[in-house]
Each structure stands twice: as C-alpha cells, then as structure tokens.
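Enquirer: The opening position of the sequence shown corresponds to residue 953 in the working numbering, with each subsequent residue numbered one higher. Note that CB positions come from ideal geometry on N, CA and C, so glycine has one too. Dropping a structure here in structure tokens format, bear with me for questions.
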Amino acid sequence: MGSPVPDGPGSACCAARRPGTERCIFLRPGSDARRAAEWLEAARPPPLCARDRPIIREGLRKGNRRFDGDGREPTVPVQPRQRPHGRLPAIPARRTSRFTGTYSTNQCREIDMAQRIVKVLVEGLSEHLVPVGTPVMAILGRKDAEGHPILGAILNNRLISLATPIWGASRLKPVNDKSREGVQIYRRSISLVLVQAAHEIAPQVRLKIGQSLGDAYFFEWLSNEHPSDEVLRAIDVRMREIIAEDRPFIEERMDIDEACDLFAREGNFERVRLLKTKRDPVVSVVSLGGGTHTPLYNPVAPAAGGLSGFELGPYNGGFILRFPDPTPKRHEIQDMPRVFKVYRDTRRWNEILGVGDVGQFNELCINGGVNEIVRVAEALHEKRIAEIADRIVERKEARLALIAGPSSSGKTTFSKRLSLQLRVNGVRPVALSLDDYYVDRDKTPCDEDGKPDFEVIEALDLALLNEQLERLLRGERVHTPRYDFNTGKRVPKERWRPMQLGPTDMLVVEGIHGLNERLTASIPHEHKYRIYISALTQLTIDNHERIFTSDSRLLRRIVRDRLFRGYSAERTIEMWPLVRRGEQHHIFPFQEQADFIFNTALVYEHAVLKTYAKRFLLEVPTDSPSFIEADRLMRFLSLFVPVFPEEVPQTSILREFIGGSAFHY
C-alpha cells in the first residue's frame, strides 16, 4: 500500500496499515482545535451495542466472527468495523477489556479504551485532555513557541519519537534541536537522510558509519574507489531536496521474520544476524518515505524538514558528515591522523577476527566462541603494552612516562601493566601521583557555579611539580607532598615522602593533564614519553548505527562506582556531563601530541558489563532526571548476549571496573 499523500497544510496526521505491520506517518500538523476535534472524532469506530452481544476479548477472531471470553462462538455474527472513507486516522485500533464472561442484560456495557479521555501535562506550557491513542505530535506539533523544530519528546521520563501514542495520564516535555537529547535525535535522523540520499545517487555503493571527529561522523565508502567530489556534491544536493520535501520518517512494527526478510533483500545481513540473536517477536523499523529500512533502536525526527545545517566533505578515503555548529563561526575539522589510525586499525582487526558488529559477536557467543575472543583480545592488549615499553626503552634519554586519558579509560591498570613490561626490559618504574600536587582547596579555581574545579590544570601546583621533576631527573633526593582530601590541604612537610631516582629508574606519572605541555614545561621534550589511552570502541551495531565511545566509558564508570566507590548509577549519570565537559577542555585537545595511542576497548566488554550494569540501572528511580539516560543504556545493553565475568582474565583492564583484579588499587 502506498504512502498517504498530505491533504494540505491543515492536515493533522494520517496513517496506512498493511498486514503484519503498524505504520504511522505524520504530515504537517498544526491544525486548529476544531480541525483536531473533527479528526479525533473521525478516528473512533461506530459504537457497538452491548445489548446485542456479549463482551468480547480482543484478538480472538475467526473471519468476521468473534468468541466469548470462555472461547464459545456467540450466536450473533459480528460485522467488520466500518471506517470513514479516505485515509485512516493515526490512532491504533481500539482495544476492549479482557473480560472473561458475559454481562446480564441490565449490566451490559462495552468497555472501549479508545473512548477513554486522559490528562496530558505539557511541561511548563499547558494541560490537555485527549483520547487514549492520540499521537504525541498531535499535542505538541512540529515547532515550539520559539520556532525551534520539535524532534522528539520526553514522555514520563522516557525519550520517545513524536509518533508515540498516549496510553494514559502523562507528563510530556518537547525536545527541540537545542537540547542534548535533541542533538542525538538530529544526528541520528540526518544520518538516515544521508544513507537514503546516497542510495538514490549511488545504489551500488554501501556506507558504513565510523567514529565521531569533533562535530562530525566519518563514513566509509565501501567501494573500490573513493567517493569523488562530484558524487559527494550530488548526495549533498539530494539530501537538501529530501529535506525540502519534508519527507516523513515512517515507523513500522514488523514480525521478526518479515523484518529479517526485508533486511536480507536490501543486503543488510548484519541486521539479520543481530535480530536473530535478540529473539524478539516483533521489531520497530524506520524508513525515510518508504526507502531503505533501518531498525529503530532510538527515536528519530518525524520528518526530514528542519534537519538543516549539515555539510559533507571528503576525508581519508571516505567522507565526513558535519553537524550544525552552535557557535556563529564553524571551525575547521581538526586533523587527527594518529587517533584516526587507531580507529581504523581496531576496526580492521575486529573484522579479521569476525566480530565487526554486534550480531557477529552474539553469534560467536551463542556458538561457544567467546573464550577464543576473550583470549585474543587480551593477547592483543599485552602485545601493544609490550610494544610501548620497548619504544620507551629505545628512547635512551626518556626518563619520564606521562599517561593521560579520559575518565574510565583504564589508566590505573594500564600503568601497572606497563610497569611490568618496563621491568622485563630492565627498567624500574617509580610512580608519582599528581593528586598530591593539588593546591589547598581555598586556592582552587572555581567554575561558573562557584564550586571548586579540580579538573583545570590551575588546580595543581605547577611550580612545585616542575621544580621537583627537574631535581628528580638530575638524580637528587626530594620530598614529595601528600594531599589530604578530607581537609583539602597538604599534610605538614615533615610527613612528605622522600623520593630519588636511580640510573635505571623511569618516573611514571598518570593524570588527565599528562599531555598538556604546561604540566611539565621545564622538562625537555626528549626526556618525556607521552601516552594517550582511551576506550575507542569500534564495534558497530550495524552499518548505520554506531556505539558511542563515551557510552563504553560511562558503563565502566557506573559499574565501578557502584561496586567500589559507594555511588549509585543515578549519581554517576548525573555527574557524567560535568566529566565530559572537563574532558573536552583538558584532554581531547592534546591527544594528537601523544607519542603512542593505546586503545583500551575490549570487543567483549559490553557483554560482561551488561551483567552488572542492568542491575544497577534498574536502581535509578523512574522519576529521576537520570532515568532518561538509564533507560537508553538499558535498551542498548539489551542488544548483547551476556558473557559471564569468570571469562575475564585477572590482569584484564576490565577487572579495574568489575573487580577480581590481580593488581591492588
């Protein structure tokens, strides 16, 4: 059945159905109250007379006859419901109560969910009384009061698409393109516009989403030739035409077998693999105007209109899709050849191993191949760490190893494993903690909220640190400070610790500012070896759906904080935006200055973290602001077949977060 055609700017919404699916297409809402009331009234089927026949159970049908609650056929045939002529309204078929008997003549009545009116409170705006089944977009429209596009909504603390129907009394909050959730929806939606435009311009070529590069996503061009400038311009033009058409995103619910057949016909076999390992009876699918289909793991915009502000450009054999820049002047993409090489090497290694996507990984787990995956992944880590130690030793003048990386990268375990490999090379590592060089709390710089900001480099006593580093590298004996976090001050000097380096000693310093030249400004470059580590996840959900590297680190932190630091998942999620902001300012700008970049991501880690994280995420109250993110992470983890923690070696970086490590922290 073809997609409905809008009947003008006043139309509220319309829908089409086909066997085995539910399809809702929303087109140009914004009708007045009278028009909306007419539409809602037309959505209701004619009432059924309860005196003519017993109450019937939903779904028990046989041709045009229905069954009583006890399974017997009624004596009165039930005629098929008559719908108004024209397009079907976007309200699901009404539901009857699950009554298991019959009413007497005097008690007869019909319970029809579609007739029930519920209250919807739109946050900070208004209160609405609407019939059950009303789509969210019929309430919110497509733009907010300030004219910003509404891309989704938060319904009872869950992020949803505007196609979602209301089933009960609800709290509703519109999500525009300026919010964090709206940015996620925008990026997901414009990526699907790109995929559809590329399919229409170059149907023989497949795209594969890659890592994020600042305010852009990298896409691989799966062809023997790189995309030409002419092809990229044609795709760009087609994307803008699709946006000008306001082509709708069509959401469908499909039987799992039908969805697998559909994806197989479109050549997306990685999606077939994943769906077959999920065991769900139905799956949500989205397409852009009936084009190529994608599993709907997270909400998308109602239509392509309003998804402007993007740019396409060639990059390293593929191309990048740039998103709108919140600043007035768009900055050039920072070239990151070292980080990009680590991304690409990791992805190729995953593909060689046969775990390029979640579906492949799940199949290996189910077929008993997870032990081999774990052993090979851990062996690769050990090989890379040994390589770093060899390079440090080869640099004869290097006396200071600096380790930096974002939160939950595994810096502590990495430094311990690196120390072991240095010992193998005849070098004795000596650890120096930057935490002991914090200035007193009353001298700590404050953030814009007036709270002490321990993430800025000015929170460290750089003068004392550099003075002692110089003396240590000259072989002198120094007394390093100790910081008391309870009092927010250094302990008295008589309690400082003595330290002196021998001729074969290597000073190992770990901290977020390790790559910032200001931290060790007085130390010559040839005496330093700088290492950047992070969990640069390259496993993908499918060719068009990526796994965010920050999600991997957040899950690690949730598990570690809940197990060992006394912080709930709610608290960890609440603090995460502040952590991320600090990383953007103090870590990521310096990552290309590293001598070596080590990827701590493990291809199997999400399957292990799932065992812990799902339990801890369930502790987040449904009315907490953190629940929106907790719900998203729960849905993400549901994609993985779980792996038991007993499979993880005791020296693994993952043990830093789940416990049972052979190292002491």
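(1) Please check the pair ARG1452 and ARG1429, which I expect to be a contact at CB under 8 Å, by giving their CB distance rounded to whole angstroms.
(2) Starting from LYS1293, follow the beta strand (DSSP E) in both directions and report where the run begins and ends.
(3) Look up THR1472 in the DSSP assignment and give the residues it is bridged to.
(4) Within the present structure, is the beta-carbon of GLU1172 separated from the nearest heavy atom of the ligand FMN by less than 6 Å?
(5) In whole angstroms, give me the CA-to-CA distance for ASN1468 and HIS1100.
(6) Please state whether DSSP places TRP1448 in a helix, a strand or coil.
(7) What number of angstroms, rounded off, separates the C-alpha of GLY1454 from the C-alpha of PRO1251?
(8) Return the residue from the list ARG1217, ASN1108, HIS1431 and HIS1558 that minimises the CA-CA distance to VAL1593.
(9) Determine, using beta carbons only, whether TYR1169 comes closer than 7 Å to chain C.
(10) What residues in its chain sit with their C-beta under 7 Å from that of ASN1128, if we drop five residues either side in the sequence?
(11) Just the C-alpha distance for GLU1010 and ASP1399, rounded to the nearest angstrom, thanks.
(12) For a test of the three-state rule: what should DSSP assign to HIS1178, helix, strand or coil?
(13) Whole beta strand (DSSP E) runs in the region 1189-1223 with 3 or more residues, listed along the chain?
(14) Cutting at 7 Å between CB atoms, please list the residues of its own chain near THR1229, excluding the five before and the five after it.
(15) Go ahead and pull the three-state DSSP assignment for LYS1441.
(16) Since LEU1373 is in the alpha helix (DSSP H), which residue starts that stretch and which ends it?
(17) Counting Cβ pairs, one atom from each stretch, are 3 or more of them under 8 Å apart for the region 1411-1430 and the region 1373-1392?
(18) Among residues of its own chain, excluding the 5 on either side of SER1056, which ones have a beta-carbon nearer than 6 Å to its beta-carbon?
(19) Quick one: using the 10 Å Cβ neighbour count with 16 as the cut-off for buried, is ALA1253 buried or exposed?
(20) Between PRO1083 and HIS1616, what straight-line distance do the alpha-carbon atoms span, to the nearest angstrom?
(21) Let me know if ASN1323 comes out buried or exposed under the rule of 16 or more other beta-carbons within 10 Å of its beta-carbon.
(22) Consult DSSP for GLU1497 and reduce its assignment to one of helix, strand or coil.
(23) Please report the straight-line C-alpha distance between GLN1490 and VAL1379, rounded to a whole angstrom.
(24) Can you tell me the Cα-Cα spacing of ILE1580 and GLU1284, whole angstroms?
(25) Do MET1089 and LEU1114 have their CB atoms nearer than 7 Å?
(26) How far does the beta strand (DSSP E) with PRO1381 in it reach, from first residue to last?
(27) Bridge partners of ASP1457, per DSSP?
(28) Starting from LEU1414, trace the alpha helix (DSSP H) in both directions and tell me its first and last residue.
(29) Name the one or two DSSP bridge partners that ALA1356 has.
(30) So who's on the other strand from ARG1110, going by DSSP bridges?
(31) On the criterion of 16 or more Cβ atoms from any shown chain inside 10 Å, does HIS1431 qualify as buried, or is it exposed?
(32) Evaluate contact between the region 1357-1369 and the region 1606-1615, counting only Cβ atoms and requiring at least three cross-stretch pairs below 8 Å.
(33) I'd like to check one pair, PRO1233 with ILE1208: are the Cβ atoms closer than 7 Å?
(34) Indicate the three-state DSSP secondary structure (helix, strand or coil) for ASN1250 in the structure shown.
(35) Buried or exposed for VAL1028, going by 16 or more other Cβ atoms inside 10 Å?
(36) Helix, strand or coil: how does DSSP classify ALA1186 here?
Expert: Let me lay it out:
(1) The identity of residue 1452 in the sequence shown is Gln, whereas the question assumes Arg. GLN1452 to ARG1429, Cβ: 4 Å. Contact.
(2) Membership of LYS1293 in any beta strand (DSSP E) is not indicated; the residue belongs instead to the alpha helix (DSSP H) covering 1289-1305.
(3) According to DSSP, which records beta bridges pairwise, THR1472 is partnered with nothing at all.
(4) This structure lacks the ligand FMN, and indeed carries no ligand of any kind.
(5) So the two alpha carbons sit approximately 39 Å from each other.
(6) TRP1448 falls in the coil class under three-state DSSP.
(7) Approximately 59 Å between the Cα atoms of the pair.
(8) Check the Cα spacing between VAL1593 and each of ARG1217, ASN1108, HIS1431 and HIS1558: the tightest is with HIS1558.
(9) Here chain C cannot be found, since the structure has a single protein chain.
(10) Same-chain partners within the cutoff: ASP1096, HIS1100, PRO1101, ILE1102, LEU1103 and GLY1134.
(11) Here the model assigns GLU1010 a pLDDT of 34, short of 50, so the residue's position is not dependable, and the following value carries that caveat. Between GLU1010 and ASP1399, the C-alpha separation is close to 58 Å.
(12) DSSP places HIS1178 in coil when its eight states are reduced to three.
(13) Runs found: 1201-1207.
(14) The residues are GLY1311, ASN1314, GLU1315, ILE1318 and VAL1593.
(15) For LYS1441, the secondary structure class from DSSP, reduced to helix, strand or coil, is strand.
(16) Note that residue 1373 corresponds to Gln in the displayed sequence, not to Leu. Per DSSP, GLN1373 belongs to the alpha helix (DSSP H) from 1363-1376.
(17) Touching, per the Cβ criterion.
(18) Per-residue confidence for SER1056 stands at a pLDDT of 39, beneath the threshold of 50, marking its modelled position as unreliable; the derived number appears in the next sentence. The beta carbon of SER1056 sits closer than 6 Å to none of the beta carbons in its chain outside the five residues before and after it.
(19) When all chains shown are included, ALA1253 counts as buried.
(20) Approximately 60 Å between the Cα atoms of the pair.
(21) By the neighbour-count definition (other C-beta atoms within 10 Å, threshold 16), ASN1323 is an exposed residue.
(22) Reduced to three states, the DSSP call for GLU1497 is strand.
(23) Just so you know, the alpha carbons of GLN1490 and VAL1379 end up roughly 33 Å apart.
(24) Looking at the backbone, the Cα of ILE1580 and that of GLU1284 are separated by about 33 Å.
(25) Taking a C-beta distance under 7 Å as the contact criterion, MET1089 and LEU1114 qualify as a contact pair.
(26) 1380-1385 is the span of the beta strand (DSSP E), which, as asked, contains PRO1381.
(27) Answer by DSSP bridge pairing, in chain order: ARG1380.
(28) First-last of the alpha helix (DSSP H) with LEU1414: 1414-1425.
(29) Beta-bridge partners assigned by DSSP to ALA1356: TYR1484.
(30) Under DSSP, ARG1110 takes part in a beta bridge, and its partners are LEU1107.
(31) So HIS1431 ends up on the exposed side.
(32) Short answer: they touch.
(33) The answer is yes: Cβ separation under 7 Å.
(34) If DSSP states are grouped into helix, strand and coil, ASN1250 belongs with coil.
(35) Residue confidence is low: VAL1028 scores 38 on pLDDT, short of 50, so the model does not pin down where it sits. Its coordinate-derived value is still stated next. By the 10 Å Cβ count, VAL1028 comes out exposed.
(36) It is helical.
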